[in-house]
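Trainee: Going by full-length UniProt numbering, the letters in the sequence shown line up with residues 1 to 72, in that order.
To start, I am sharing the structure in question, which I have written as structure tokens.
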Amino acid sequence: MNPWNPDYRQDTEALFRAAPFVADLGIEPVSILPGEVEACLLVQRLHTIAGGQEKRVSKATVTLAVVEPRTP
């Protein structure tokens with residue numbers, strides 16, 4: 001896949017840094033490819049419920065969108 005934006009990798013990294021909820025949760029990109037991003041979330045104290053037990057989440061999906069104008 002050829003990306004429309006040759007700077008897609010840098011722009012995606014900037015998007016992760018600019019999204020407050022992503023930064024607060026500690027989600028970090030692991031792999032950035034055209035049309036696909038793999039991210040990692042390490043369980044931290046803020047992700048736990050009272051008593052220190054981890055919240056049970058089998059799969060989480062976070063959607064970040066970059067909308068760019070199409071050129072004719």
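We put the beta carbon where it would ideally sit given N, CA and C, even for glycine.
To the nearest angstrom, how far is the alpha carbon of D7 from that of D24?
Mentor: Cα to Cα, the separation comes out at about 25 Å.
Trainee: Span of the alpha helix (DSSP H) holding L25?
Mentor: Per DSSP, L25 belongs to the alpha helix (DSSP H) from 20 to 25.
Trainee: Hey, R9 and I27: beta-carbon distance below 8 Å or not?
Mentor: Not closer than 8 Å, so no.
Trainee: Alpha carbon to alpha carbon, how far is E38 from R45?
Mentor: So the two alpha carbons sit approximately 23 Å from each other.
Trainee: How would you write the range of the beta strand (DSSP E) that V30 sits in, first residue to last?
Mentor: From DSSP, the beta strand (DSSP E) with V30 extends over 28 to 33.
Trainee: Looking at E13 and P29, is the spacing between their C-beta atoms short of 8 Å?
Mentor: Against a cut-off of 8 Å, the Cβ pair of E13 and P29 comes out as a contact.
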